[in-house]
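> This is the structure, below, for whatever I ask next.
Residue numbers (our numbering): -14 to 53.
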């Protein structure tokens, strides 16, 4: 149970870190006048793809950890 809580907290921390990074990049974009939606999407997509990859691996390791 302790290990599952650690995995959950790692996932939550990852989500928070990525969300914060995207927020900071978008805020900096607003400061310099780069607030078009295409720029926001270009900044957000790589982070969300990486997040999906990380969270998917974490979830898989939690679900299947007793099967290996």
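Beta carbons are placed, not taken as given, at the ideal position from N, Cα and C, and that holds for glycine. Only a predicted model underlies this, so the values are computations on that prediction, with no experimental measurement involved.
Is residue 16 helix, strand or coil when you go by DSSP?
Here residue 16 sits in helix by DSSP.
> Can the beta-carbon of residue 6 be found closer than 8 Å to that of residue 32?
Yes, the pair counts as a contact, with Cβ atoms nearer than the cut-off.
> In three-state DSSP terms, what is residue -5?
The answer is helix: DSSP assigns residue -5 an H, G or I state.
> Report yes if the C-beta distance between residue 47 and residue -14 is below 8 Å; otherwise report no.
Cβ distance not < 8 Å, so residue 47 and residue -14 don't count as in contact.
> According to DSSP, is residue 49 helix, strand or coil?
Correct three-state label for residue 49: coil.
> Please state whether DSSP places residue -13 in a helix, a strand or coil.
Note: residue -13 maps to helix in three-state DSSP.
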